[in-house]
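*Asks:* Before I ask anything, here is the structure I am working with.
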Amino acid sequence: LTSFTAFSIFEFICLLHCCYHEFAQLSRNTLRYFFAYANILNVRS
Numbered sequence: 008l009t010s011f012t013a014f015s016i017f018e019f020i021c022l023l024h025c026c027y028h029e030f031a032q033l034s035r036n037t038l039r040y041f042f043a044y045a046n047i048l049n050v051r052s
């Protein structure tokens, strides 16, 4: 039971780590697109 709990916690941390990296990458790309769009709007006006 103890080793299973430790393994579950380890798996959970790995999953969290992967999700965090995916989210960070996604938000970085979103910010990049947002700033590019803002620059286009500034150029137009």
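Under this note's numbering, the residues of the sequence shown are numbered 8 to 52, in order.
We put the beta carbon where it would ideally sit given N, CA and C, even for glycine.
1) To the nearest angstrom, how far is it from the Cα of residue 47 to the Cα of residue 24?
2) Once DSSP output is grouped into helix, strand and coil, what is the label at residue 52?
3) Alpha carbon to alpha carbon, how far is residue 36 from residue 49? Give it in angstroms, no decimals.
4) Give me the Cα-Cα distance between residue 39 and residue 30, rounded to the nearest whole angstrom.
*Replies:* The answer reads as follows:
1) Using only the alpha carbons, I get a separation of about 35 Å.
2) In the structure shown, residue 52 falls within a coil segment according to DSSP collapsed to helix, strand and coil.
3) When rounded, the separation of the alpha-carbon atoms in residue 49 and residue 36 is 20 Å.
4) Each residue's Cα considered, the two are about 14 Å apart.
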